[in-house]
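See structure below.
Residue numbers (our numbering), protein chains in the order written: chain A, 1 to 401; chain B, 402 to 647.
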């Protein structure tokens, strides 16, 4: 038996990559910057952000669907990625503005004066004029990019090591992850956390050095970047869950005690997947917030991570494309229903206003999916279409026939 | 001949209940041993202690030559030392195929990164096929383990134990839920395995133990009550009193 390349063993990868490529080209050709302009720039941004959410959903599916840990703190990593890239975006842009205004002085400003000016601009809003220690590398894009993966990765590693080593499992672990993101949010809400408290970071849509590029073009560039990241992460995740590593991870989800008696260090496997997922989520956040333009600590509240879990559940956990379907469908529906454009339903005596009722509808949908389609939308796809990845039973049936 | 596993004066209590009380036990490198005893005698707790699931309050468990304490190792490390365990209820990974189950159990590095880089080779595929036919599942390799019958799952689990080639095999009630023919097959397999490694069988069923035809250790209230051939222990008045007499 010569092993096939794993992409050929997983035709779903090619389907997902093809759909993503067609989507990206289509949006580009319909965008204001590079095409007919049917799709306004704001919609391009929504679509680009949706791809980032799908990326976070893939990481969530690795942790929940494959490894079996219902993490309710994934969006902490997402927001951390956003904050860390936001530090550079805000610092570098403010530096340009301050430098321009100080250039009118007869004596050129010293680096210390320049830094003081920047600190005043950024932190005046929280009544401070000093640059906090956590901003020491904010001037450098390469350093902040490194931190985007390093900080959430380290947080996941330390948190995971403590939790997995003590064999915290199931609902207790979910509560712990939720406490982690809540604690981080409450800390960031404080003005002296060094991240501008509840103001958060803003103006992130302006990319320093690219002032000459308008938002119409930038939005398409970010869409490309998000699509590329999603494609790479999909292939990486699919590779990870195929083969023996995937078998062990699935086995840990089903019976971790038994896996231990086979000699596998269960904690090590959990740490690898949890940390990698945190890093992927952080990259998703670092791509998301420059498109959103603003980030504040409310983004880390547990509800955001719960939504992520709901998307993956509705899409179909334990299937990578299910996570993408769930994130895309539910987040786009959410923004449509809560955007005020969904037509209200007039019943005799009551009017269903979707801005208020969408949450109820989503909740009912979640319950229905859990009860009647535990494999989510992807499970329905599997049933009606030809199986995208021939399952072992399929082989067995063919062999018998 | 020095012992492969030496359990020396272990005790363990759960909420004041003494599950194991100053128990000593020893087994050689190629030996078949049956452990019998009434419910609550501490049979399963004994296995839990050897495999690292439970830590004793007192005593020591040493392994191999030179003797090395197992008490500081966790379950996975003990399994990597070469102690395999077969559970009472067949526990296979139902969501995975027979081949995947066997592949996971094959002797190979258990390090996550080594597992990530592991790719099936001609040799590993051949070994999986060989194991599958050895336990009579050659036609089922591509099926999910969850679709197998109870007996087939038992065999798959035995195949997984064979794949990891343990030096000591702990088997918990292998005869439970098996037909007469399956029992005979199992007996033959255990006897054959014990030619090259140590095998400890925990069993309720006296007929099954008689068929194994090996040294028997009788546990009672967490301690060894008698040890010797089955005929020898069944003549022991204490044994008759606490176990066989009922």
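Heads up, the beta-carbon is just placed ideally off N, CA and C, and yes, glycines get one too. Since this is a predicted model, take the numbers as computed values, not measurements.
query, result
"Distance, residue 135(A) Cα to residue 147(A) Cα", "11 angstroms"
"Any C-beta of chain B under 8 angstroms from that of residue 44(A)", "no"
"Same chain only: Cβ atoms within 7 angstroms of residue 321(A), ignoring 5 sequence neighbours per side", "12, 16, 378"
"Reference residue 132(A), options 279(A), 224(A), 192(A), 314(A), closest by Cα", "192(A)"
"Cross-strand partners of residue 7(A) (DSSP beta bridge)", "Answer is none; residue 7(A) lacks a bridge partner."
"Interface flag, residue 516(B) vs chain A, CB-CB below 8 angstroms", "yes"
"Residue range of the alpha helix (DSSP H) that includes residue 237(A)", "215-241"
"Any C-beta of chain A under 8 angstroms from that of residue 506(B)", "yes"
"Inside the stretch 453-535 of chain B only - alpha helix (DSSP H) runs reaching at least 4 residues", "476-482, 499-506, 513-518, 523-535"
"Within-8 angstroms CB hit, residue 395(A) to chain B", "Unreliable placement is indicated for residue 395(A), whose pLDDT of 41 sits below 50; no coordinate value is reported for it."
"is_contact[residue 383(A), chain B] using C-beta, thresh 8 angstroms", "no"
"C-beta contact flag for residue 261(A) and residue 486(B) at 8 angstroms", "yes"
"Spatial neighbours of residue 168(A) in its chain, beta-carbon cut-off 8 angstroms, leaving aside the 5 residues before and after", "176"
"Distance between beta carbons of residue 225(A) and residue 79(A), contact taken as under 8 angstroms", "About 19 angstroms separates the two Cβ atoms, so there is no contact after all."
"8 angstroms Cβ cutoff, residue 374(A) in contact with chain B", "no"
"Residue 637(B) versus residue 612(B) - alpha carbon distance", "20 angstroms"
"Neighbour flag for residue 486(B) against chain A, beta carbons, 8 angstroms", "yes"
"Short Cβ contact (8 angstroms threshold) for residue 203(A) with residue 293(A)", "yes"
"Residues near residue 92(A) by beta carbon distance below 6 angstroms, same chain, minus five either side", "208"
"Cutoff 8 angstroms: residue 264(A) Cβ touching any chain B Cβ", "yes"
"Residues that residue 511(B) contacts on chain A, provided the C-beta gap is smaller than 7 angstroms", "263, 264, 265"
"Own chain residues within Cβ distance below 6 angstroms of residue 182(A), not counting five before or after", "302"
"Residue 80(A) in three-state terms, based on DSSP", "helix"
"Residue 536(B) vs residue 500(B) beta-carbon contact at 8 angstroms", "no"
"Contact between the stretch 422-440 of chain B and the stretch 618-631 of chain B (3+ Cβ pairs under 8 angstroms)", "yes"
"Interface residues of the stretch 29-56 of chain A facing chain B [CB-CB below 9 angstroms]", "none"
"Simplified DSSP state of residue 195(A), which is helix, strand or coil", "coil"
"Cross-strand partners of residue 639(B) (DSSP beta bridge)", "Looking at the DSSP assignment, residue 639(B) forms no beta bridge with any residue, so it has no partner."
"Secondary structure, alpha helix (DSSP H): runs of 4+ residues fully inside the stretch 84-141 of chain A", "111-123"
"Residue 404(A): contacting residues in chain B (beta-carbon distance under 9 angstroms)", "The structure shown does not extend to residue 404(A), since chain A is modelled only from 1 through 401, so no value can be given for it."
"CB contact below 8 angstroms: residue 565(B) versus chain A", "yes"
"8 angstroms Cβ cutoff, residue 245(A) in contact with chain B", "yes"
"Expected contact under 8 angstroms - CB spacing of residue 244(A) and residue 519(B) to nearest Å", "5 angstroms"
"Residue-chain proximity (residue 519(B), chain A), Cβ-Cβ < 8 angstroms", "yes"
"Boundaries (first-last residue) of the alpha helix (DSSP H) holding residue 288(A)", "266-292"
"Proximal residues to residue 588(B) (C-beta, below 8 angstroms), its chain only, five neighbours per side dropped", "609, 612, 613"
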